[in-house]
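In what follows, a single structure is set out as structure tokens and then discussed.
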Amino acid sequence: MNAPNDLAIPSLVQAPDYIGASIPRLGAKKLLEGRGKYLDDIQLPRLVHVVFFRSPHSHALIKNLDLSVAKRQPGVIAVFDGHDIAKICTPWVGILSHLKGIRSMEQFAVAPERACWQGEAVAAIVAQTRAQAEDALDHVQVQWEVLPCVTDMEIALRGDVVIHSALGDNLCFSRDVETEAFKSAFEGADLVVEKTYEFSRHTGVTNEPRSILADYNPSQDTLTVYHSTQAPHMMQDIFSRHLKIPESSVRVICPDVGGSFGIKVHVYPDEMATAAIAVILKRPVKFVADRIESFLTDIHAREHKINIKLACSKVGDIIGFELRDLTGIGPYSVYPRTSGIEGNQVVNLTGGPYRHRHYKAHLDVVFTNKNVTCQYRAVGHPIAVAVTEGIVDEAARQLGIDPLEFRQRNVIPDDQYPYTAASGIKFEKLSHQQCLEKLKTLMDYDDLRAEQSHLRQRGVYRGIGLAAMIEVTNPSPAFYGVGGARISAQDGATLRLDPMGVLNVMVSVTEQGQGSEAIFAQIAASSVGVTVENVRVMTGDTAVTPYGGGTWASRGAGIGGEAVLQAGKVLKAHILEIAALILDRTQQKLDIKANQVVDRLSGESLMPLSEVGRVAYFRPDTLPMNYQSELTVTRHYTPREYGFTFTNGIQAAWVEVDVETGFVTLLKHWCVEDCGTIINPTLVDEQIRGGIVQGIGGALFEECLYSEDGQLLNGSMADYLVPMATEMPDIVISHVQTPTRGSELGAKGVGEAGTAGAPGAVMNAINDALSPFGVSVTQQPHTPQQILKALGRV
Amino acid sequence: MSEAMMHVHFQVNEEVVDQEIKVRRHLVDFLREDLGLTGSHLGCEHGVCGACQVLIDGVLVRGCLSLAVAAHGKIVQTIEGLTEDGSLKQLQAAFLKHNAFQCGFCSSGMLLSALTIVKDYPQATREEIRELISGNYCRCTGYQSIVDAIESVLQENANNSLG
């Protein structure tokens, strides 16, 4: 079935109608009418609700847990401790074999004996309503033995308090990189600049909290899980293995998702417990995190302390970078992607845009008694870009070279690809020089510098910050699969022509609001020759779509899109095969345009697709005896030649710093980005804009504040600041398009570029504004307090 | 312990509510769970994110901070009702055109804020629009496309009133 057709397949180039078109997301209209279906909108017969009793301590032993009073509360159906859940759900360890030496401990769905961060679940209560279950939480009685805790990364590294005694110390993972002759190259440099940067942990704050509804049917040992997730097939495998239900008996359905950003691609203990409880109770069970639970247990990210050095010649050629990164990840490496990846990415990506040949890096990833950290939008990129671009600006400042000129001099030239960077990562084809040129014009760089200098004389302190960036997209199996994780690097698309000539498209990549379904419709429409209104797309159901990885690491368009394109091309050939038989014409002389079979040369309409459908499905008796039509086609795609299909771009921020109050006003922001073939320009720009604002959040506002003893101090949206409309600037976006040659579509990813570059650009802009005072900020978020501290005013 | 109940009578969109309600029940929970109107969403449950917004007697309120019984004698309008009666048609078309939403979770609340702007601040500038939607949290868009969409509706209306 679906054997490749040996006839010449018409190429996409001849019908590029929707590739590159900014058409609205027709399938998303329901979301504007209150007709979406998010997880918490789902009600099932006999549905019950689970809530979790969470540790109030950052590190404590459970001496006694008494759930008997809670059990007697109105509406309560069942109560569970960690031992009860462990009988059904096996624990896990978040390690990957390609991160050499990474270690963690077994983590349980509900901690049976010891809590290792404030917020770790130690008991579950199930009741008829969520309110009843929450009321019963007050009646859980626990005797704790509070243990010494460690929340500071440097103290954790020292190992005064060891969280997991079996490991001997708090080191989860370390990595060293050193290029040949690094030492002599650095010693021979005219100038070495050095800075230390600190980044506070922050989190995703998805508008829709994490949520799951699991339903178990004992008669056939089937588990159906409705899950607000990015990776349904990954979760299918995980539920199967940890609950011991055959994989094919687990179905994961991903309804409309209210934002994910990497938050919803991990295994969460409370979600595993919910599925286990559904198995125990043999009925549907729902868990929806409330906001304090989100802050306490949604993965955090980006707590790093970094020392970076840049060596260069006196004329301004970068010789090399040296990096020391310390990052704290909470008490467990998160399953199954590990918490070692973020630091690993910082090591890989630092210095990424530049053509230096020398690099040395040391990474330490340590356990702490705070919430776990893991992959969040632009994993490691915002850190790597900020430290690289911060130190690049510092070098340019000390050499008296304009920062834009300094970058023009040092980026990898556009004609030098393919290129292997000093850190070892490989680039197929990037366009730093073109992007820089374009940015310079786009922002009227020279005029802006003149305006800045003019205003400075009047005591108005404005700054321009640049951040060149590279972004990991379209990951190959090298990201997770080679390390032993059962996370698909491949995605698939099934295209079916229905009798009325409507195209049904089922893709393993999920929709989280970014517009995957819309671009799949555009690609399918273009590759087959139908109008986009005649395409229906379905994603997010393991029982329906092909097998695949889902949404993460900016892979949807580049990987899923290519699968759709390839399936579409074959389906088109199959349709034309039938049409040729019906019309008694040569297939090569036919084409499909706007839902019609047409004469390829004249464009004359010969027959609607609904006629092909009618004959193929209802009157195949009129076709030759030995002919079987195939109007359903499945194709898959995996990028393999490069580990990642890197993209590149550059951002610029224009800010004003009030040196009396420390307040930063974001005046304008620019981004020139190269994500290869652009399928829907509006959606691409909106990914970048949303990403930039998320990056700005980390740079200026967002911070999970912990006390020394591991208490989260700002677990509400009133206290944890996120970007709101008033403070955000208008963002101007432009593109260079360098399609990847790894696929016919040529699309690279774009979901994370905005977040990758924005913090570095904003930090550099603030420091440019502060440069007349000879001070700079190095600690994110750059709050007014940080700025006044730098200015010596507090 | 029996829960305090209250008999209430109010209107939700075109539907009449005439029943006993738990006094502590929040309006948005009542709408979502008892009436099945799931268009209003629970984002933060403490009045910051704005995803639960509805109109009570035409005034924008947070459904997560309002008690259902407080709607007694009043008219509640939700995203569903305001879609059905066409009040949001122009804004919905503009939001779709400008892609002023991604995941859509904030959209119900955001559209209701936008409706208030269209009615009460027809001459709002971009900066004022930003200020007026600053009680609605959107993690996806970065807000610019939302500002663009609302601004385009104000512009359209201004042109129509001139023409």
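One line per chain: the protein sequences are X and Y, in this order.
For the first sequence, our numbering begins at -13 and goes up steadily by one.
For the second sequence, our numbering begins at 114 and goes up steadily by one.
Think of the CB as a built atom: it goes at the ideal place given N, C-alpha and C, for glycine as much as any other residue.
As the structure is a prediction and not an experimental result, all values here were calculated from the model.
How many Å lie between residue i and residue j at the Cα?
i: X:T313; j: X:D754; result: 27 angstroms
i: X:S811; j: X:G248; result: There is no way to answer for residue 811 of chain X, as the model of chain X reaches only from -13 to 780.
i: X:R779; j: Y:M118; result: 57 angstroms
i: X:A565; j: X:Y613; result: 13 angstroms
i: X:E457; j: X:V365; result: 10 angstroms
i: X:I5; j: X:V148; result: 55 angstroms
i: X:Q573; j: X:L562; result: 6 angstroms
i: X:G306; j: X:A175; result: 9 angstroms
i: X:A(-6); j: X:G554; result: With a pLDDT of only 40 at X:A(-6), under 50, the local geometry of the prediction cannot be trusted, and the value read off the model is given with reservation. Going by the C-alpha atoms only, they are around 14 angstroms apart.
i: Y:R145; j: X:D27; result: 8 angstroms
i: X:G526; j: Y:I230; result: 36 angstroms
i: Y:V161; j: X:C298; result: 49 angstroms
i: X:G547; j: X:I377; result: 38 angstroms
i: X:R393; j: X:T480; result: 45 angstroms
i: X:L133; j: Y:G255; result: 42 angstroms
i: X:L452; j: X:Y405; result: 23 angstroms
i: X:V301; j: X:E730; result: 42 angstroms
i: X:A471; j: X:G760; result: 49 angstroms
i: Y:L224; j: Y:E193; result: 11 angstroms
i: X:G467; j: X:T496; result: 19 angstroms
i: X:R383; j: X:E688; result: 29 angstroms
i: X:S(-3); j: X:V523; result: Legend: pLDDT at X:S(-3) = 40, less than 50; position of this residue unreliable, value from coordinates given subsequently. C-alpha separation (whole angstroms): 22 angstroms.
i: Y:V130; j: X:S513; result: 52 angstroms
i: Y:A262; j: X:K654; result: 19 angstroms
Which one or two residues does DSSP pair with residue i in a beta bridge?
i: X:Y24; result: X:D242
i: X:H35; result: X:A113, X:K272
i: X:A638; result: X:L452, X:W656
i: X:Q443; result: Bridge partners of X:Q443: none, in fact.
i: Y:E244; result: Bridge partners of Y:E244: none, in fact.
For the beta strand (DSSP E) that residue i lies in, which residues bound it at each end?
i: X:Q361; result: Neither: X:Q361 is in no beta strand (DSSP E) and is coded neither H nor E.
i: Y:V189; result: 188 to 190
i: X:G735; result: Note, X:G735: premise wrong, no beta strand (DSSP E); not H, not E.
i: X:E19; result: Run containing X:E19: none; DSSP gives neither H nor E here.
i: X:V62; result: 62 to 67
i: X:G314; result: 304 to 314
i: X:L489; result: 489 to 493
i: X:S170; result: Careful: X:S170 lies outside any beta strand (DSSP E), inside the alpha helix (DSSP H) at 168 to 173.
Which stretch, first to last residue, makes up the alpha helix (DSSP H) that contains residue i?
i: Y:R145; result: No alpha helix (DSSP H) holds Y:R145; DSSP gives it neither H nor E.
i: X:G330; result: Checking the sequence, you will find Asn at residue 330 of chain X rather than Gly. First-last of the alpha helix (DSSP H) with X:N330: 327 to 335.
i: Y:N272; result: 257 to 275
i: X:K575; result: Per DSSP, X:K575 belongs to no alpha helix (DSSP H) and is neither H nor E.
i: X:A789; result: Nothing about residue 789 of chain X can be read from this structure; chain X reaches only from -13 to 780.
i: X:P134; result: Where X:P134 is concerned, there is no enclosing alpha helix (DSSP H), given that its DSSP letter is neither H nor E.
i: Y:I230; result: 220 to 233
i: X:S502; result: 502 to 514
i: X:G526; result: No alpha helix (DSSP H) contains X:G526, which DSSP labels as neither H nor E.
Legend entry - Short-range partners of chain Y found in the segment 9 to 24 of chain X, where Cβ spacing is below 9 angstroms: P10, R11, L12, A14, K15, K16, L17, L18, E19, G20, R21, G22, K23, Y24
Legend entry - Where the segment 181 to 198 of chain X meets chain Y: residues whose CB sits under 9 angstroms from a CB there: G190, V191, T192, N193, E194, P195
Inset, instruction - Could you list the residues in the segment 705 to 720 of chain X with a C-beta less than 9 angstroms from some C-beta on chain Y, going in chain order? - result: V708, P709, M710, A711, T712, E713, M714, P715, D716, I717
Legend entry - Members of the segment 201 to 221 of chain Y near chain X, C-beta cut-off 7 angstroms: Q205, F208, L209, K210, N212, F214, Q215, C216, G217, F218, C219, S220, S221
Legend entry - Stretch-stretch touch, CB-based, cutoff 8 angstroms, three pairs: the segment 523 to 536 of chain X with the segment 704 to 715 of chain X: no
Inset, instruction - Spell out a yes or no on whether the segment 740 to 750 of chain X and the segment 438 to 447 of chain X are touching, meaning 3 or more CB-CB pairs, one atom from each, closer than 8 angstroms. - result: no
Legend entry - Cβ-based contacts, 8 angstroms cut-off: residues of the segment 488 to 504 of chain X near chain Y: Q498, G499, Q500, G501
Legend entry - Three-pair Cβ contact test at 8 angstroms for the segment 371 to 387 of chain X versus the segment 156 to 167 of chain X: no
Inset, instruction - Could you name the residues of the segment 655 to 678 of chain X whose beta carbon sits closer than 7 angstroms to any beta carbon of chain Y, in the order they occur along the chain? - result: T668, L669, E672, R675, G676, I678
Inset, instruction - Give a yes or no on contact between the segment 13 to 20 of chain X and the segment 217 to 227 of chain Y, applying the rule of three or more CB pairs nearer than 8 angstroms. - result: yes
Inset, instruction - Mind checking the segment 164 to 180 of chain Y against chain X and listing, in chain order, the residues whose C-beta falls within less than 7 angstroms of any C-beta there? - result: A164
Inset, instruction - May I ask you to list, following chain order, the residues of the segment 226 to 249 of chain Y that have a beta carbon less than 9 angstroms from some beta carbon of chain X? - result: R239, E240, I242, R243, E244, L245, I246, S247, G248, N249
Inset, instruction - Pull out every residue of the segment 116 to 131 of chain X whose Cβ sits closer than 7 angstroms to any Cβ of chain Y, in chain order. - result: none
Inset, instruction - Could you please tell me which residues of the segment 48 to 79 of chain X, in chain order, have their CB closer than 9 angstroms to any CB of chain Y? - result: P60
Inset, instruction - Inspect the CB distances between the segment 287 to 298 of chain X and the segment 169 to 186 of chain Y and report whether three or more fall short of 8 angstroms. - result: no
Legend entry - the segment 491 to 510 of chain X touching the segment 329 to 343 of chain X, judged by at least three CB pairs closer than 8 angstroms: no
Inset, instruction - Note down, in chain order, all residues in the segment 127 to 140 of chain Y with a beta-carbon under 7 angstroms from any beta-carbon belonging to chain X. - result: none
Legend entry - Cβ-based contacts, 8 angstroms cut-off: residues of the segment 247 to 273 of chain X near chain Y: F247
Inset, instruction - Could you name the residues of the segment 275 to 297 of chain X whose beta carbon sits closer than 8 angstroms to any beta carbon of chain Y, in the order they occur along the chain? - result: D276, R277
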